[in-house]
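>
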Amino acid sequence: MNVFRRPAWAVVIALCVLAALTSRAAAEDSKPADPAAAESAPVSYAKQVLPIFREHCQGCHQPAMAKGEYVMTRFDALAKGGESGDAAIVPGKPDESNLLAQITPDAGKAEMPKDKPPLSETQVALIRRWIAEGAKDDSLAAGKPAIDAEHPPKYETPPVITALDYSPDGRLLAVSGYHEVLLHDAAKLQAGEESLVRRLVGLSERIESVRFSPDGTKLAVTGGQPGRTGEVQIWNAADAKLDLSLPVTYDTVYGVSWSPDGKLVAFGCADNTIRAIEAATGKQVLFNGAHSDWVLGTTFSTKGTHLITVSRDMTMKLIEVPTQRFVDNLTSITPGALKGGLGAVECHPTKDELLCAGSDGEPKLYKMERDKARQIGDDFNLIRKYAAMPGRVYSARFSRDGTRIAAGSSLDGKGEVWIYDAANAQVIAKNPDQGGGVFAVAFSPDGKLVAAGGFDGSVRLLDPTTGKEVSKAIPAPIAETQPVTK
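Taking the working numbering, the leading residue of the sequence shown gets 181, the next gets one more, and so forth.
1) Could you check how far apart the C-beta atoms of Asp-636 and Pro-338 are, in whole angstroms? I think they sit under 8 Å.
2) From the DSSP output, read off the bridge partner residues of Pro-427.
3) Taking Lys-398 as the reference, give the member of Glu-549, Pro-332, Lys-421 with the closest Cα.
4) Per DSSP, which residues does Arg-640 bridge with? Please list them.
5) My assumption, with CB atoms under 8 Å, is that Ala-576 sits in contact with Ala-524. Please give the rounded CB distance.
6) Check this for me: beta carbons of Gly-448 and Thr-530, under 8 Å apart or not?
7) Roughly how many whole angstroms lie between the Cα atoms of Ala-194 and Thr-645?
8) Which residues does DSSP pair with Asn-509 in a beta bridge?
9) Please look up how many angstroms separate the CB atoms of Asp-431 and Gly-407, rounded, as I've assumed it's under 8 Å.
10) If you drop the 5 nearest sequence neighbours on each side, which residues of the same chain put their C-beta closer than 7 Å to that of Glu-542?
11) Excluding the 5 residues flanking Gly-616 on each side, which residues of the same chain have their C-beta closer than 8 Å to its C-beta?
12) So, for Leu-426: in the same chain, excluding its five sequence neighbours on each side, which residues have a beta-carbon less than 7 Å away from its beta-carbon?
13) In three-state DSSP terms, what is Asn-561?
14) Pick from Gly-538, Ile-608, Ala-659: whose alpha carbon is nearest that of Lys-648?
15) By the three-class DSSP mapping on this structure, what secondary structure does Glu-385 have?
16) Give me the residue from Pro-332, His-236, Pro-333 with the minimum Cα distance to Pro-298.
17) Which word fits Phe-623, buried or exposed, when buried means at least 16 other C-beta atoms lie within 10 angstroms of its C-beta?
18) By Cβ distance, which residues of its chain are closer than 8 Å to Asp-349, with the 5 residues on each side in sequence left out?
19) Mapping DSSP to helix, strand and coil, what is Glu-249?
20) Return yes when the Cβ of Val-465 is within less than 8 Å of the Cβ of Leu-498, no when it is not.
21) So, helix, strand or coil for Ala-326, using DSSP?
22) Unbroken alpha helix (DSSP H) runs of length 4 or more, entirely within the region 344–384: which are they?
23) Thinking just about the alpha-carbon of each residue, which of Ser-439, Leu-534, Leu-535 is nearest to the one in Arg-391?
24) Please state whether the Cβ-Cβ distance between His-359 and Val-377 is less than 8 Å.
25) For Lys-211, does the three-state DSSP call read helix, strand or coil?
26) For the beta strand (DSSP E) containing Val-618, name the first residue and the last one.
27) Which term fits Phe-255, buried or exposed, when burial requires 16 or more other beta carbons within 10 angstroms of its beta carbon?
28) Since Ala-400 sits in a beta bridge, which residues does DSSP pair it with?
29) Verify whether the separation of the beta carbon atoms of Ala-354 and Leu-369 is less than 8 Å.
30) Between Ala-417 and Leu-362, which are expected to be in contact by the criterion C-beta below 8 Å, what is the C-beta distance as a whole number of angstroms?
31) Assign Thr-202 to buried or exposed, taking buried as 16 or more other Cβ atoms, counted over all protein chains shown, within 10 Å of its Cβ.
32) Going by alpha carbons, who is nearest to Asn-604 out of Arg-505, Lys-544, Gln-282?
33) Excluding the 5 residues preceding and the 5 following Asn-611 in the sequence, name in chain order all residues of the same chain whose CB lies nearer than 6 Å to its CB.
34) Glu-276 and Gly-262 - do their beta-carbons sit closer together than 8 Å?
35) Tell me the rounded alpha-carbon separation between Ala-537 and Leu-522.
36) May I ask you to report which of helix, strand or coil DSSP gives Tyr-566?
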């Protein structure tokens, strides 16, 4: 779960592998190319066609959002077609396949993908050739049941919890799972009763962050399929309807946040970029590349005019939302003053003060505005530091009234939750018995509980005044049973 940095030994191994591959590539480059052999090899659905569908099509054509009643995430449904009744794919007959007709441009425009640039000539030609060759499914997943709302994940052991959030009214607790987000009745979960309300099953294997909209009607989710694609999901919290599925970048995405008016959703990416979209349409309205490493967290200022981001590059940056302009580094830029990547950030509920934390285990509070010229060596925006926790801090959150801070950490397979007084930095309470690393914490809206989750797959509800465990539950249904509680 160490998203903060690459270990030195990994860099050495990577360089050795790169050298070996370079030597091999040079040797192979000396051999004469055989275009005929490459052309004669059959098109691979898994390696060549499916990646095109994932990037351009599956966001709108999946079980949770089957536009035109057409699903492209299951091979049987892919061939069958949608509401038109025409076969999408007729093996061996590309000219009779409705899918090909929909994606083939006419005068530079194609019916699909809807409201997006058409596929390239090369991509269309590849899909045509695959259909002509019989449209065979050579994927490793062939024959295995798909994961969707009708076939939700089955757990033999509790999945690691990477994200959780309370709804603004405190009625629901959203908890990350595998390929899904689990919505629980918060009161019943605390009481040890059957509490699972809805299972939001989507395309993303890995869920990295979840946040309810300010009005509680929507849930934003980021994640993806590691090393393949990232995704942003917007769900209707009331009926579990997927309003938006947006594929983005080629790796998982992180640190989702809502603008105060609920119109924008921001997130960070493993390609070092910061992005924001319109929640209603998915239209990208902000793109910035100021960071030099993965962007792991985002938060809006109190008025929504600025976006604050943290990264593995050890900095917290300020971005102006309307102009997409990088404004300033809020943290020190002095070499040697930085102590590791930052992974958590949140704006104070009522004023533009930013809580951040990461690899050094030390939560810090910064002001957003700088009112004097930067000098090398200064950390002018720093308001206060909080006592360092053991290990890395993966999650740090304010209580709704901004008076307290909860933080969760991990070190050598052990996790802790600490509660701080936000104003005077006093440690109010500690809970060092978390059964493994803690990767997510959240205050209940009334401030009476702190929910913590992490490596052991349990949600622990803690009293923020004492740190004592109030209740504990496994939110994922194990072996088709209800959540185990005590």
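Every residue gets a Cβ at the ideal spot worked out from N, C-alpha and C, and that includes glycine.
Once the coordinates are examined:
1) Counting from one through the sequence shown, the residue named residue 636 turns up at place 456. Counting from one through the sequence shown, the residue named residue 338 turns up at place 158. Going by Cβ atoms, the distance from Asp-636 to Pro-338 rounds to 7 Å, so yes, they are a contact pair.
2) Here residue 427 corresponds to residue number 247 of the sequence shown, with the count starting at 1. Its beta-bridge partners are Glu-411.
3) Against the sequence shown, residue 398 aligns to sequence position 218. Of the candidates Glu-549, Pro-332, Lys-421, the one whose C-alpha sits nearest the C-alpha of Lys-398 is Lys-421.
4) The residue you call residue 640 lines up with position 460 of the sequence shown. BP columns for Arg-640 point to Ala-632, Lys-652.
5) Within the sequence shown, the letter at position 396 stands for residue 576. Within the sequence shown, the letter at position 344 stands for residue 524. Going by Cβ atoms, the distance from Ala-576 to Ala-524 rounds to 4 Å, so yes, they are a contact pair.
6) Translated into the one-based positions of the sequence shown, residue 448 becomes position 268. Translated into the one-based positions of the sequence shown, residue 530 becomes position 350. It is not a contact, given that the beta carbons lie outside the stated cut-off.
7) As a position in the sequence shown, residue 194 is number 14, starting the count at 1. As a position in the sequence shown, residue 645 is number 465, starting the count at 1. With a pLDDT of 43 at Ala-194, under the threshold of 50, the modelled position of this residue cannot be trusted; read the value that follows with caution. Approximately 47 Å, taken between the alpha carbons.
8) The residue you call residue 509 lines up with position 329 of the sequence shown. Lys-497, per the DSSP bridge assignment.
9) Start at 1 with the first residue of the sequence shown, and residue 431 comes out as number 251. Start at 1 with the first residue of the sequence shown, and residue 407 comes out as number 227. Contact flag correct, Cβ pair sits at about 6 Å.
10) Indexing the sequence shown from 1 puts residue 542 at position 362. If we look at Glu-542 and ignore the five residues flanking it on each side, its Cβ neighbours are Lys-565, Tyr-566, Ala-568.
11) As a position in the sequence shown, residue 616 is number 436, starting the count at 1. Once the five neighbours on either side are set aside, the close Cβ partners of Gly-616 are Ser-590, Gly-593, Lys-594, Gly-595, Gly-634, Phe-635, Asp-636.
12) Residue mapping note: residue 426 aligns to position 246 of the sequence shown, counting from 1. Around Leu-426: Gly-239, Glu-411, Val-412, Ile-457, Gly-462.
13) Along the sequence shown, one-based indexing puts residue 561 at 381. In the displayed model, Asn-561 falls within coil according to three-state DSSP, outside both helix and strand.
14) In the sequence shown, the residue the question calls residue 648 occupies position 468. The option with the nearest alpha carbon to Lys-648 is Ile-608.
15) Numbered from its first residue, the sequence shown carries residue 385 at position 205. Assigned with DSSP and collapsed to three states, Glu-385 falls in strand.
16) Position 118 of the sequence shown, counted from the start, is the residue given in the question as residue 298. Measuring from the Cα of Pro-298, the nearest candidate turns out to be His-236.
17) Within the sequence shown, the letter at position 443 stands for residue 623. Phe-623 comes out buried.
18) The residue labelled residue 349 in the question sits at position 169 within the sequence shown. Contacts found: Gly-396, Pro-625.
19) Position 69 of the sequence shown, counted from the start, is the residue given in the question as residue 249. Here Glu-249 sits in helix by DSSP.
20) Position 318 of the sequence shown, counting from 1, holds the residue named residue 498. Position 285 of the sequence shown, counting from 1, holds the residue named residue 465. No.
21) Position 146 of the sequence shown, counting from 1, holds the residue named residue 326. Taken through DSSP and simplified to helix, strand or coil, Ala-326 comes out as coil.
22) 366–371
23) Stepping through the sequence shown from its first residue, residue 391 is reached at position 211. Residue Ser-439 is the option with its Cα nearest to Arg-391.
24) As a working note, residue 359 is residue 179 in the sequence shown. As a working note, residue 377 is residue 197 in the sequence shown. Taking 8 Å as the Cβ cut-off, His-359 and Val-377 do not qualify as a contacting pair.
25) In the sequence shown, the residue the question calls residue 211 occupies position 31. In this prediction, Lys-211 has a pLDDT of 43, which is less than 50 and means its spatial position is unreliable; nothing more can be read from the coordinates.
26) The sequence position of residue 618 within the sequence shown is 438, counting from 1. Segment 618–623, the beta strand (DSSP E) holding Val-618.
27) Within the sequence shown, numbered from 1, the residue matching residue 255 stands at position 75. The residue is buried, with at least 16 neighbouring Cβ atoms inside 10 Å.
28) If you number the sequence shown from 1, residue 400 lands on position 220. DSSP output for Ala-400 lists Arg-391, Ile-414 as bridge partner(s).
29) Here residue 354 refers to the residue found at position 174 of the sequence shown. Here residue 369 refers to the residue found at position 189 of the sequence shown. Result no, Cβ atoms of Ala-354 and Leu-369 do not sit closer than 8 Å.
30) As a first step, residue 417 is located in the sequence shown; it is residue number 237 there, counting from the start. As a first step, residue 362 is located in the sequence shown; it is residue number 182 there, counting from the start. Rounded, the Cβ-Cβ distance is 13 Å, inconsistent with contact.
31) Locating residue 202 in the sequence shown gives position 22, counting from the first residue. Note that Thr-202 scores 39 on pLDDT, short of 50, meaning its location in the model is unreliable; the coordinates nonetheless yield the value given after this. Around the CB of Thr-202, fewer than 16 other CB atoms lie within 10 Å, so the residue is classed as exposed.
32) Residue numbering aside, residue 604 sits at position 424 when the sequence shown is read from its first letter. Checked all of Arg-505, Lys-544, Gln-282; the closest Cα to Asn-604 is Lys-544.
33) Sequence index remark: in the sequence shown, residue 611 carries index 431 (1-based). So the list reads Val-597, Leu-642, Gly-647, once near-sequence residues are dropped.
34) As a working note, residue 262 is residue 82 in the sequence shown. As a working note, residue 276 is residue 96 in the sequence shown. In this structure, Glu-276 does not lie closer than 8 Å to Gly-262 by Cβ.
35) Your numbering for residue 537 matches position 357 in the sequence shown. Your numbering for residue 522 matches position 342 in the sequence shown. Near 6 Å, if we compare the C-alpha coordinates of Leu-522 and Ala-537.
36) Residue numbering aside, residue 566 sits at position 386 when the sequence shown is read from its first letter. If DSSP states are grouped into helix, strand and coil, Tyr-566 belongs with coil.
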